[in-house]
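In the order they appear, the protein sequences are chains A and B.
Per our numbering, the first sequence runs over residues 1 to 247.
Per our numbering, the second sequence runs over residues 1 to 247.
Okay, structure first, notes after.
There are 2 protein chains.
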Amino acid sequence: MRYFMTFAYDGSKYKGYQKQPKGKTVQNEIEKALTTINGGEAVSIHASGRTDAGVHALNQKAHFDLDMKHITPEKLKDGLNSLIPKDIYIKHIEIVPDDFHARYNAKAKEYIYKINMGEYDPIEKDYVYQYNKKLDVAEIERALKYLEGTHNFKSFTKGDEDKEDYTRTIVQTNLIRNMKTLNKITLSFLGTGFMRYMVRNMVGTLIEIGEGKRKSEEIIDIIKAEDRTKAGKTANPEGLYLKDVLY
Amino acid sequence: MRYFMTFAYDGSKYKGYQKQPKGKTVQNEIEKALTTINGGEAVSIHASGRTDAGVHALNQKAHFDLDMKHITPEKLKDGLNSLIPKDIYIKHIEIVPDDFHARYNAKAKEYIYKINMGEYDPIEKDYVYQYNKKLDVAEIERALKYLEGTHNFKSFTKGDEDKEDYTRTIVQTNLIRNMKTLNKITLSFLGTGFMRYMVRNMVGTLIEIGEGKRKSEEIIDIIKAEDRTKAGKTANPEGLYLKDVLY
């Protein structure tokens with residue numbers, strides 16, 4: 001039987017989502033718990049994609065196969081939650097057709113990135129990027145619009161990445177300003193797919209635009225260049241959240 | 001010279017504010033850094049009061065004596081922040097008269113308590129009490145009003161506390177509901193002074209009222225009883241924040 005689950009996690013104590021031989025990862029923790037439920041026989045989970053160390057997820061998705069006809073998905077969810085660390089939470093489990101794949105069937109993903117332009121906040125240090133200076137928010141908002149559409153995003157990928165196709169579509173971007181403090185902004189990116197470091201490289205470039213080091217229109221040239229060195233720095237992981245995966 | 005500082009901290013990794021022979025505390029960390037700045041000679045800080053393990057502070061206040069005429073309070077603040085862990089942050093330092101005392105001169109304190117009535121949130125598990133069920137918010141709001149005023153709060157203190165005077169004044173209370181989710185509420189308490197566990201014992205009682213186990217008017221009887229066993233459980237520390245100290 002194939003199960004499909006939605007889960008959230010605080011990435012601050014993990015070396016990323018994906019299983020690694022060394023270091024605590026989200027996948028490791030969930031697979032360990034599932035293996036226990038499965039009487040010691042290994043269970044592998046297949047997520048919509050990885051998230052890097054320090055990055056959070058509000059609604060990550062994964063599928064796995066398990067022969068558990070005697071327990072309902074709801075009971076399986078409760079059992080799993082009782083076995084995994086408290087900074088991961090399984091929100092929902094359902095049964096899906098055997099050919100459903102959490103990664104290949106994903107149609108779009110939404111990421112958000114939180115930036116604090118106000119005073120350093122020790123309580124949110126692992127959850128909001130502490131930029132702690134003013135940014136030109138209107139200029140960032142203009143730049144965001146140049147990222148929308150179908151482009152070759154090679155300039156925004158991990159430098160040593162070697163892919164056949166760097167074309168992705170960013171369907172929608174948004175900038176939301178917290179109206180209570182005005183000092184916090186959240187950038188959102190809805191797209192058909194994101195390559196490794198792509199969101200953080202876009203955000204790093206947007207921050208340099210907000211600092212006045214670049215103009216918003218430079219986004220056009222950076223995309224055209226298809227060259228990682230033309231874009232800005234990789235923004236810190238702690239501001240990034242995988243918000244949703246659409247199927 | 002007497003310095004007076006405002007600081008914030010994430011209490012989740014500390015055994016409370018107050019210095020202890022064993023275990024990491026906020027006071028220990030700041031005193032260690034000040035002692036380093038003072039060339040190895042011990043410096044003691046005197047806060048407005050303690051906070052317990054897991055409790056946070058947005059604007060805790062403390063004074064300390066130091067002979068540092070050659071550096072400005074602003075430079076001292078930067079130096080301190082560079083030496084303390086990143087989950088504590090000194091927001092402001094100023095020079096005050098030698099007879100100023102952060103504890104004795106405090107006129108009022110404000111505490112807030114955050115409760116999540118919605119789904120468990122692994123990202124906020126150390127920052128918002130995960131109650132994760134609906135509460136009767138209107139009944140809690142009514143109960144809050146019975147706490148306002150000058151009362152003997154013995155029923156809400158730590159059971160084994162032996163004080164001469166349990167009379168305190170709660171000047172104002174509030175219940176703020178997050179209008180975006182409706183599932184998060186913040187209770188606030190502004191008062192002339194709070195005894196140990198007092199806010200958490202009031203919140204624990206308010207939660208039982210919100211669960212329908214008690215009526216809001218029972219607050220009157222609980223106060224009258226002057227008996228810890230008449231009030232509710234002590235609410236978890238992670239929802240509690242020392243928001244401000246007024247002088």
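Note that beta-carbon positions come from the ideal geometry of N, C-alpha and C, so glycine has one too.
Residue i versus chain A: which residues are under 8 Å apart at the beta carbon?
i: residue 122 of chain B; result: 8, 9, 10, 86, 87, 88, 89
i: residue 56 of chain B; result: 123
Tell me where the beta strand (DSSP E) around residue i begins and ends.
i: residue 5 of chain B; result: 2–9
i: residue 28 of chain A; result: No beta strand (DSSP E) contains residue 28 of chain A, which is instead part of the alpha helix (DSSP H) from 26–37.
i: residue 96 of chain B; result: 88–96
i: residue 57 of chain B; result: 56–65
i: residue 189 of chain A; result: 184–191
i: residue 112 of chain B; result: 108–116
Around the Cβ of residue i, are there at least 16 other Cβ atoms within 10 angstroms (buried) or fewer (exposed)?
i: residue 67 of chain B; result: exposed
i: residue 57 of chain B; result: buried
i: residue 82 of chain B; result: exposed
i: residue 104 of chain B; result: exposed
i: residue 145 of chain B; result: exposed
i: residue 149 of chain A; result: exposed
i: residue 172 of chain B; result: exposed
i: residue 51 of chain B; result: buried
i: residue 63 of chain B; result: buried
i: residue 220 of chain B; result: exposed
i: residue 179 of chain A; result: exposed
i: residue 181 of chain B; result: exposed
i: residue 143 of chain B; result: buried
i: residue 75 of chain A; result: exposed
i: residue 141 of chain A; result: buried
I think residue i touches residue j, with their Cβ atoms under 8 Å apart; what is that distance to the nearest whole Å?
i: residue 204 of chain A; j: residue 233 of chain A; result: 4 Å
i: residue 34 of chain A; j: residue 113 of chain A; result: Actually they do not touch by this definition, with Cβ atoms about 31 Å apart.
i: residue 7 of chain A; j: residue 111 of chain A; result: About 16 Å separates the two Cβ atoms, so there is no contact after all.
i: residue 5 of chain B; j: residue 93 of chain B; result: 5 Å
i: residue 86 of chain B; j: residue 125 of chain A; result: 6 Å
i: residue 77 of chain B; j: residue 102 of chain B; result: With a Cβ gap of about 16 Å, residue 77 of chain B and residue 102 of chain B do not count as contacting.
i: residue 116 of chain A; j: residue 244 of chain A; result: With a Cβ gap of about 23 Å, residue 116 of chain A and residue 244 of chain A do not count as contacting.
i: residue 209 of chain B; j: residue 139 of chain B; result: 6 Å
i: residue 123 of chain A; j: residue 127 of chain B; result: 7 Å
i: residue 44 of chain B; j: residue 31 of chain B; result: 6 Å
Return the first residue and the last residue of the alpha helix (DSSP H) that residue i is part of.
i: residue 142 of chain A; result: 137–147
i: residue 80 of chain A; result: 73–83
i: residue 165 of chain A; result: Per DSSP, residue 165 of chain A belongs to no alpha helix (DSSP H) and is neither H nor E.
i: residue 43 of chain B; result: Where residue 43 of chain B is concerned, there is no enclosing alpha helix (DSSP H), given that its DSSP letter is neither H nor E.
i: residue 234 of chain A; result: Neither: residue 234 of chain A is in no alpha helix (DSSP H) and is coded neither H nor E.
i: residue 201 of chain B; result: 198–210
i: residue 335 of chain A; result: The structure shown has nothing for residue 335 of chain A, since chain A only spans 1 to 247.
What does a CB cutoff of less than 8 Å around residue i pick up in its chain, not counting 5 residues either side in sequence?
i: residue 107 of chain B; result: 192, 246, 247
i: residue 228 of chain A; result: 154, 155, 156, 157, 158, 159, 201
i: residue 236 of chain A; result: 54, 129, 200
i: residue 152 of chain B; result: 166, 167, 223, 226
i: residue 69 of chain B; result: 1
i: residue 24 of chain B; result: 13, 14, 15
i: residue 215 of chain A; result: 139, 209
i: residue 41 of chain A; result: 35
Find the residues of chain A that neighbour residue i, judging by a C-beta separation of less than 7 Å, and give them in chain order.
i: residue 125 of chain B; result: 86, 87
i: residue 119 of chain B; result: 91
Once the 5 residues before and after residue i are set aside, which same chain residues still bring their CB inside 6 Å of it?
i: residue 174 of chain A; result: 188
i: residue 177 of chain A; result: 185
i: residue 80 of chain A; result: 33, 90
i: residue 65 of chain A; result: 2
i: residue 48 of chain B; result: 61, 102, 103, 106, 245
i: residue 72 of chain B; result: none
i: residue 162 of chain A; result: none
i: residue 231 of chain A; result: 155, 156, 201, 205, 222
i: residue 134 of chain B; result: 117
With respect to 8 Å, is the separation between the Cβ of residue i and the closest non-hydrogen atom of the ligand SAM below this value?
i: residue 233 of chain A; result: The ligand SAM is not part of this structure, which contains no ligands at all.
For chain E, is any of its Cβ atoms less than 9 Å away from the one on residue i?
i: residue 81 of chain A; result: No chain E appears in the structure shown, which is made up of the protein chains A and B.
Quick one: residues in its chain with C-beta nearer than 7 Å to the C-beta of residue i, no 5 flanking neighbours on either side, listed in chain order?
i: residue 120 of chain B; result: 130, 132
i: residue 38 of chain B; result: 66
i: residue 253 of chain A; result: Residue 253 of chain A cannot be examined here, being either before or after the span of chain A that is shown, 1 to 247.
i: residue 10 of chain B; result: 56, 87
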